[in-house]
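Take a look at the structure below.
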Amino acid sequence: VQLQASGGGLVQAGGSLRLSCAASGSIFSINSMGWYRQAPGKQRELVAAISGGGTTRYAESVKGRFTISRDNAKNTVYLQMNSLKPEDTAVYYCAADRVRIAASPDYWGQGTQVTVSS
């Protein structure tokens, strides 16, 4: 499975960005997909995840601001990020798992930088 992330960039605080992650390869093996982020000097954290059935979960810090969704026909997962804050600045990573997104997903995409200026 290959995961190709896109959509990062520089945005002012209060702005929005949408990240996309397209899966290819043995996609039949994927159940859950999600997004992690890692800020400088901090540990990687789970931002949002979505199961094969569409159940979503979010980090407390992004609830109400970020929305994860998936288009199974396009094998793509999205992360809509609204009301961005400088503390959202990080490298965002797409991930996928054969069961449930947790500490060590089966598959990782490359990171995409998100920078929020104050």
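Numbering of the sequence shown is given in the working numbering, commencing with residue 94 and proceeding in unit increments. Virtual Cβ for every residue (Gly too), placed ideally from N, Cα, C.
| Check | Outcome |
| --- | --- |
| Across which residues does DSSP place A115 in a beta bridge pair? | Q97 and T169 |
| Give the single residue among T169, R158, T148 and Q136 whose Cα lies nearest to the Cα of A183. | Q136 |
| Go ahead and pull the three-state DSSP assignment for V231. | Any property of residue 231 remains undetermined from this structure, which presents the chain solely from 94 to 211. |
| Measure the C-alpha to C-alpha separation of A196 and Y129 and round it to an integer number of angstroms. | 10 Å |
| From which residue to which residue does the beta strand (DSSP E) around I143 run? | E138 to I143 |
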